[in-house]
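What follows is a short report on a single structure.
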């Protein structure tokens, strides 16, 4: 009986560790996203070396623009999951979402000009397209 309990405990522990590891891998890191773009954009190495710091800077600014909304969502996560947010909380989420969208658009427009100093316009478009690929696609690559 002790052996069975011991084996079940080990299996349960391994399952929990596997689940936790899977949760950590669900979202691509900025470094993975940059590497993915550089591998797939189809430009020479000298251009890649100029593009890499721009991509890293872009992702830092984009994440900073997104942070207040993500922080608010995390704060209200239990209520959101239960579908139990108040009218005021719903309005607060909407207001922060619209403000975040504006900040993100400003970052994108700002970096369009910076990217064009290194890339032709069609490659700038491709760069944004690759940056927006789903994390699962980036992690599987």
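In our numbering, the protein residues as written are 2 to 142.
In this text, a Cβ means the ideal position worked out from N, Cα and C, and glycines have one as well.
Check, Outcome
"Extent of the continuous alpha helix (DSSP H) run through residue 42", "Here residue 42 belongs to no alpha helix (DSSP H), and DSSP marks it neither H nor E."
"Per-residue burial, residue 61 [other beta carbons within 10 Å of its own, 16 or more giving buried]", "exposed"
"Distance CB(residue 51)-CB(residue 35) smaller than 8 Å", "no"
"Proximity winner among 97, 55, 87, 33, relative to residue 114 (alpha-carbon distances)", "55"
"Any non-hydrogen atom of the ligand FAD within 7 Å of residue 27 CB", "Among the components modelled here there is no ligand, and therefore nothing to report on the ligand FAD."
"Contact between the segment 121–137 and the segment 82–93 (3+ Cβ pairs under 8 Å)", "no"
"DSSP-derived helix/strand/coil call for residue 125", "helix"
"Simplified DSSP assignment, three categories, for residue 84", "coil"
"Nearest to residue 129 (by Cα), restricted to the options 27, 28, 37, 30", "37"
"Local Cβ density within 10 Å of residue 1, reported as buried at 16 or more and exposed below that", "Within the shown structure, residues of the chain are numbered from 2 to 142, placing residue 1 beyond reach of any answer."
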